[in-house]
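Quick notes on the structure that follows.
Numbering (our numbering), first residue to last: 676 to 1442.
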């Protein structure tokens, strides 16, 4: 029987379980034609062949079901597939390697086909075991999950098949080698046999280890697969029940409101001022509006971890209606009058320009250039270091200094103006707490790093004419970097803070931990408040779009009365169902009794609610008991200002931030507006800005070395701490505050007088 020499085959990838395997083989036809080249396709446990690849679409020459077939190897290239006599294929591969690939693929396909056939016989007509879809909206998601689980199950079965095949072939190889060892051979052949035996033994040990690992993985995967399916179904059911419960609560709430309005008639002098403004007769239109407001309250006040708020029982309206109504009327009048005042004094409001012609400030800066930069090339060697010690190019900056960022905290100064007019210290604390939250609203899109101020650098923000306040910042320390800030308002409040930043680059994200405290003092009531800032985290440093999150807890304390507001900034979580950037807080008196609840987000708005009664509710997560507060209707206390048009091309600056670098007459020569690198960056000349930044930093280092040499001349012997910078701030002095007990720099006076006289001889040359 003459056999044609097979052509050299093209390399074929090693088959993997479940994949379709195709290729050319030589099939024995008869004694006249001998072996003929045919195209074979192995798929879904069936081996089919065609004369050419083009025939695959219309003519199949034969098919064998491997589930009932026997596979036998004849020699190095030949093998036989038979299903018991009816069909037998004598096949030849082009090489021994190619034959082995086909044998492996056929064995895997056969084992899988046998397994599938056994499963089909066992299942019979049983109903499907997949969990039912509990809600129509979850149908798509459930289908995707079930499809993924089926795919994973198929892969686990493939792994089990490979496990069985390795064990089978390993045992056969071991038997063959044992038989070979039994033969008496001499010389080089005996050495070769021993060498092969040793290698086979190593292969057996390795294979056994892999088989054991595969068996463990298979057991673990099967166990956890069932657990995950059960947990997924439980989560889905809980979500549906929660949605139904919330819907029922909303309906019950509206029903109670309607019943209360129908059963209780209050005198016109004691009614809700909002209702009075709509008309004394309780029209249906007014009721609908009230219900809409309440629905908005429920949407905003989702259940936080520590407490739950529910509408107050109607008995509080009836029993203490005069007190509650009086409070509401007072708050409503306060808000209205203060809104009118702030509108008249706000330089960014068009009405203010008509009422009082003040300075027209700029509303645009040059657009940010589109410069690309490989962040990782700079940051990879900075992991774990202090951010202030990393030499950053201006490409990562925004054209504004840290002193100016501190001054931006005053964007919502109206909250402190309103707080100064409050008669109640607890109510005043609500406004102060809202002011602390408002300072973070500018950071939501601001991923650029502010310039590190030079030692002795200052920044003044004089808004006496427009807003009734003025503020001054000074960089009082370089290592560690710290800035002092003082603001004074004609409305009867002052603000002071000293902030030092502790920053760490963690590889994937950047953590910025502000150290130091902020204090606010009201002249009329002598209330003295203090609080600290939360941690800022910049995510996706290496890959993806940068985004910022604020997380942590703040205690705003009134040191005169002992009142306290505990604010919690919830960190963002992909798995949380809560609203992103959420902030919650409770205002309590010195005895721990709750009077107000605050809720909202640090990037949009805050609301506060009067607490009428509190009680311990059911256990929340981790067994913690949550407090239930019965509250009056929510009132908005703060809302973020809209960004100016085109803010995305101007570093997402607010209207106030756009004016901070605007040239100002008479400012100190150390003012941030005069920084050349910052001005060049704002103008879009970044290469020049980088060169200027390096010059200023080197000048600062030289100045510090000279100051240290002068200090060394004063002390004859080295003492502890003499290596530190002994710089003394120009406009601030460090004291121990007797009220808060904290050590901080406070304004010692003289700046505004020097500005009025135009005398800046005492200012150092830092630029």
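Just so you know, even glycine gets a beta-carbon here, dropped at the ideal spot from N, CA and C.
Short Cβ contact (8 Å threshold) for residue 1356 with residue 1364
yes
Go ahead and label residue 873 buried or exposed: buried means 16 or more other beta carbons lie within 10 angstroms of its beta carbon, across all protein chains shown.
exposed
Taking one C-beta from the stretch 706 to 715 and one from the stretch 781 to 790 each time, how about it: are there three or more such pairs within less than 8 Å?
no
For the stretch 684 to 756, which segments carrying the beta strand (DSSP E) assignment without a break, of at least 3 residues, lie completely within its bounds, in sequence order?
696 to 705, 709 to 718, 721 to 725, 737 to 740, 745 to 748
So is residue 770 buried or exposed if we call it buried at 16+ other beta carbons inside 10 Å?
exposed
To which residues of the same chain is residue 1328 closer than 6 Å at the C-beta, ignoring the five residues directly before and after it?
none
By the three-class DSSP mapping on this structure, what secondary structure does residue 1246 have?
coil
Buried or exposed for residue 1250, going by 16 or more other Cβ atoms inside 10 Å?
exposed
Rounded to whole angstroms, what's the CA-CA distance from residue 1185 to residue 1110? Just pull it up for me.
25 Å
My assumption, with CB atoms under 8 Å, is that residue 1105 sits in contact with residue 1312. Please give the rounded CB distance.
6 Å
Under the DSSP definition of a beta bridge, which residues are partnered with residue 1193?
1172, 1206
Please list the terminal residues of the continuous beta strand (DSSP E) segment that includes residue 1418.
1418 to 1422
DSSP on residue 923, reduced to helix/strand/coil?
helix
How would you call residue 1168, buried or exposed, if buried means at least 16 neighbouring beta carbons within 10 angstroms?
buried
Look at the alpha carbon of residue 1239 and the alpha carbon of residue 1262, and state the distance between them as a whole number of angstroms.
6 Å
Taking the beta strand (DSSP E) that residue 1146 belongs to, which residues open and close that run?
1144 to 1152
Spatial neighbours of residue 695 within its chain, please: C-beta separation below 6 Å, excluding the five flanking residues on both sides.
718
Is residue 1204 buried or exposed, if buried means 16 or more other CB atoms sit within 10 Å of its CB?
buried
Put residue 1411 into one of helix, strand or coil per three-state DSSP.
strand
Could you tell me whether the stretch 1428 to 1435 touches the stretch 1337 to 1344, using the rule of 3 or more Cβ pairs below 8 Å?
yes
Secondary structure at residue 1135, three-state DSSP: helix, strand or coil?
strand
Residue nearest to residue 1195 in terms of C-alpha spacing, selected from 1189, 842, 1166
1166
Determine the direct distance from the alpha carbon of residue 927 to that of residue 1448, and round the result to whole angstroms.
In the structure as shown, the chain begins at 676 and stops at 1442. Residue 1448 is therefore absent and cannot be evaluated.
Checking 8 Å against the spacing of the C-beta atoms, do residue 1129 and residue 1421 come in under that value?
no
Note down, in chain order, each residue of its chain lying with its Cβ closer than 6 Å to the Cβ of residue 1170, except the 5 sequence neighbours on either side.
1162, 1195
Let me make sure I understand the geometry here. Which of 1378, 1437, 1068, 1244 has the alpha-carbon closest to that of residue 1125?
1068
Skipping 5 residues on each side, what residues in its chain have a beta carbon closer than 6 Å to that of residue 759?
none
Strictly by DSSP, which residues pair up with residue 1198?
Looking at the DSSP assignment, residue 1198 forms no beta bridge with any residue, so it has no partner.
In whole angstroms, give me the CA-to-CA distance for residue 753 and residue 705.
16 Å
If you compare alpha carbons, which of 1160, 1118, 1229, 1221 is closest to residue 1136?
1160
Burial state of residue 1117 (16 or more Cβ within 10 Å)
buried
Cβ neighbour criterion (16 or more within 10 Å) applied to residue 1320
exposed
If you draw a straight line from the alpha carbon of residue 1307 to that of residue 1264, how long is it in whole angstroms?
18 Å
So which of 1084, 903, 1379 has the shortest CA-CA distance to residue 1208?
1084
Can we say the stretch 863 to 882 touches the stretch 832 to 851, given the rule of at least three CB pairs closer than 8 Å?
yes
Roughly how many whole angstroms lie between the Cα atoms of residue 1039 and residue 1180?
33 Å
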